[in-house]
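Down below is the structure, laid out as structure tokens.
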Amino acid sequence: MRNAFRLLLWLLLLWASTAAAYASFDDSKLWFERLSDDERSATQTDLILLGHYQYLVDGQFGRGTFEAIAAFQKSQGRAGTGVLTDFERRSLRDQAGQVDSRLGIELVSDTPAHVAMMIPLRLLSIRNPTDAGTSYVSEDGEFSLETMHVSLADQSFEALLDVMTSPDPERTVTYRSFGAGRFVVSGQIGDYSFYTMFVSAAGEAVGYSLAWGKDYAHEGAVTSVYIASHFTPLGNLPPPDELKKAEGTGGAPPRGAFVLPEDQPELILLNADITDQTSAEFDRALAARPNVRVVALNSPGGSVDSALKMADEIHKRRLTTFVPRDMGCYSACAYIFFAGIDRQAEGELGVHQISAEVADLVLAQTTLGDVLDALEEFGVHQQVISHMLRTPPDDMYVFSPAELSEFGILSGDPLSITVALEQPADPATGGGAAIVYLSSQSNAAEAERSRSYIEGRWSTLFGETRPEVESAGDIFRVQLPAPSLERANAICAAIKADGGGCYVTAAGS
Numbered sequence: 001m002r003n004a005f006r007l008l009l010w011l012l013l014l015w016a017s018t019a020a021a022y023a024s025f026d027d028s029k030l031w032f033e034r035l036s037d038d039e040r041s042a043t044q045t046d047l048i049l050l051g052h053y054q055y056l057v058d059g060q061f062g063r064g065t066f067e068a069i070a071a072f073q074k075s076q077g078r079a080g081t082g083v084l085t086d087f088e089r090r091s092l093r094d095q096a097g098q099v100d101s102r103l104g105i106e107l108v109s110d111t112p113a114h115v116a117m118m119i120p121l122r123l124l125s126i127r128n129p130t131d132a133g134t135s136y137v138s139e140d141g142e143f144s145l146e147t148m149h150v151s152l153a154d155q156s157f158e159a160l161l162d163v164m165t166s167p168d169p170e171r172t173v174t175y176r177s178f179g180a181g182r183f184v185v186s187g188q189i190g191d192y193s194f195y196t197m198f199v200s201a202a203g204e205a206v207g208y209s210l211a212w213g214k215d216y217a218h219e220g221a222v223t224s225v226y227i228a229s230h231f232t233p234l235g236n237l238p239p240p241d242e243l244k245k246a247e248g249t250g251g252a253p254p255r256g257a258f259v260l261p262e263d264q265p266e267l268i269l270l271n272a273d274i275t276d277q278t279s280a281e282f283d284r285a286l287a288a289r290p291n292v293r294v295v296a297l298n299s300p301g302g303s304v305d306s307a308l309k310m311a312d313e314i315h316k317r318r319l320t321t322f323v324p325r326d327m328g329c330y331s332a333c334a335y336i337f338f339a340g341i342d343r344q345a346e347g348e349l350g351v352h353q354i355s356a357e358v359a360d361l362v363l364a365q366t367t368l369g370d371v372l373d374a375l376e377e378f379g380v381h382q383q384v385i386s387h388m389l390r391t392p393p394d395d396m397y398v399f400s401p402a403e404l405s406e407f408g409i410l411s412g413d414p415l416s417i418t419v420a421l422e423q424p425a426d427p428a429t430g431g432g433a434a435i436v437y438l439s440s441q442s443n444a445a446e447a448e449r450s451r452s453y454i455e456g457r458w459s460t461l462f463g464e465t466r467p468e469v470e471s472a473g474d475i476f477r478v479q480l481p482a483p484s485l486e487r488a489n490a491i492c493a494a495i496k497a498d499g500g501g502c503y504v505t506a507a508g509s
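Take the sequence shown: its position 344, counted from the start at 1, is 344 in the UniProt record's numbering, and no numbers get skipped.
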């Protein structure tokens, strides 16, 4: 009888532990799929940088994503629930940002190899041209990356894989994968590990090969997956203003979310959503503009923590903030604006409450406390704060020109600066000066389904304009034309406040 009782107890415990594991997986899936497309991809990318996720970034939830989230939580001494609290998300972002900064990861347009890819330039600091691409090597020679392109005129893509995996006494292939126009081969060459990937594109194969010694085992594992997830044949690149980072050579290219006009050396323009990486990108923009005096703002908002970091830096440096005509600064962007020693706004300035899940109410209140402390330090009047606290997260309070003066929002002398990014609308086509990008899908059917959902959910924001599907190679984008960047940013801000995802560019860029 005692043995039977013990068996029953053991079975109950086994059932309870199994049920708890599945409950965690289901809860994790529900939480993850509530995130925006950008947030899901960013979470997987951050987990890659910390060595917890070993798969390509796709924004899709699966066992690998669940286990990576749980592994990160356990590494922090917390329960591996698979559901990140706001505190854990900030910790993940901060730690991944430190790795990103240490490696110096930048998007490089490698023209000789016909590719664009994220490369750890601080680690692979020595660059030399090759016959088919470029070689990037660490200072000690123990970590290398070689980009290349191969014509498929005389051989098939599969035949190239056979060449890469053919018997070789100096090479041991431990993994190979082929499909959907991409193949991966990895293994050992003597004491070195290697990872090779090729993609079929426009009659050629473009790719890269990484090799690293045992002292770089962690960096090799992280970098191989990170590069594979952020690799694009140049023929399929999106417009330049959509790129998050640009190669730091020649002229004054964008620094992530920032534009550095060549003819205005005292100006930096924020022209994108505020992500967890934007504050680090701002540091790089400041380093590239040592004589900066004015920070212009055109953003629908985004990460509060990142915005507060930039605001603190602007206030310390006593910089002027400026919202140019036909542009807008909303939500978290407003905290950056208020940090300016002098503040001018010819475009729109909008505020609302901080958005947060009920389960994270305590953390939301802590974040709100940080915001209120910053606004007090910046000398923001109580009327401004009252409008912010009274406006729901799914709405936006835009200050009128009269209120900008009445509430002491503006300070200093008016600026004689022209910041022109938008292009005029084309009456013949009914096009707009800006585009709100709402979704990106791999086929037309999924794009149409996404378009229908978006139109049904946010039709009240769109007026008479309706989302449309545009194809660019194998990518199908759901987008909305807008008459100005100002209007586009207002729409995107409202969508983000309601839990959606989007970003804005000038039309034709």
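For glycine and all other residues, C-beta sits at the position ideal for the given N, C-alpha and C.
Please read these numbers as outputs of a predicted model, since none were measured by experiment.
Whole angstroms are fine: how far does the CA of residue j sit from the CA of residue i?
i, j, result
"T130", "L160", "19 Å"
"V294", "L410", "14 Å"
"A482", "T465", "8 Å"
"Q382", "V304", "20 Å"
"S450", "G463", "19 Å"
"T196", "I69", "27 Å"
"E146", "V137", "9 Å"
"M396", "L124", "45 Å"
"I454", "A201", "31 Å"
"F72", "D312", "29 Å"
"Y55", "A447", "24 Å"
"L389", "D373", "14 Å"
"I354", "L270", "21 Å"
"E281", "S156", "41 Å"
"G328", "R89", "28 Å"
"W458", "R284", "36 Å"
"D276", "G187", "34 Å"
"S471", "Y437", "12 Å"
"F198", "H218", "22 Å"
"S398", "C333", "Looking at the sequence shown, residue 398 is not Ser but Val. C-alpha separation (whole angstroms): 13 Å."
Contact check, residue i vs residue j under 8 Å by CB: the rounded distance?
i, j, result
"I274", "A307", "5 Å"
"residue 549", "D326", "Residue 549 falls outside the range modelled here, since the chain spans only 1 to 509, and no answer is possible."
"N298", "N489", "7 Å"
"S331", "A493", "6 Å"
"A211", "V150", "With a Cβ gap of about 18 Å, A211 and V150 do not count as contacting."
"T320", "F337", "Contact doesn't hold; Cβ gap of about 10 Å is too wide."
"Y158", "F178", "Sequence check: residue 158 is Glu here, not Tyr. Correct: roughly 7 Å between the Cβ atoms."
"S153", "A132", "The sequence shown places Ala at residue 153, not Ser. Incorrect: roughly 14 Å between the Cβ atoms, too far for contact."
"V108", "I119", "5 Å"
"L50", "A96", "6 Å"
"V419", "P265", "The Cβ separation is near 14 Å, so there is no contact."
May I ask you to report which of helix, strand or coil DSSP gives residue i?
i, result
"N128", "strand"
"S193", "strand"
"Y437", "strand"
"P481", "strand"
"S186", "strand"
"F72", "helix"
"T275", "coil"
"Y397", "strand"
"T111", "helix"
"V57", "coil"
"C492", "helix"
"A334", "helix"
"F378", "coil"
"T43", "helix"
"R289", "coil"
"G350", "strand"
"T18", "Any reading at T18 needs caution, since the residue's pLDDT is 43, under 50, leaving its predicted position unreliable; the model's value is listed next. Note: T18 maps to helix in three-state DSSP."
"G456", "helix"
"G302", "strand"
"G64", "helix"
"G328", "strand"
"T165", "helix"
Bridge partners of residue i, per DSSP?
i, result
"V295", "I268 and T321"
"S145", "Looking at the sequence itself, residue 145 is Leu, so the reference to Ser does not match. Beta-bridge pairing links L145 to Y136 and L210."
"E468", "Q479"
"Q344", "F322"
"F177", "Note on identity: in this sequence residue 177 is Ser, with Phe being the wrong assignment. V184, per the DSSP bridge assignment."
"M117", "V108 and F231"
"A201", "E204"
"V150", "A205"
"E411", "Just to set this straight, residue 411 is Ser in the shown sequence, not Glu. BP columns for S411 point to R343."
"T172", "Q188"
"C502", "C502 is not bridged to any residue."
Between residue i and chain B, is any beta-carbon pair separated by less than 8 Å?
i, result
"A159", "This model lacks chain B altogether; it includes just one protein chain."
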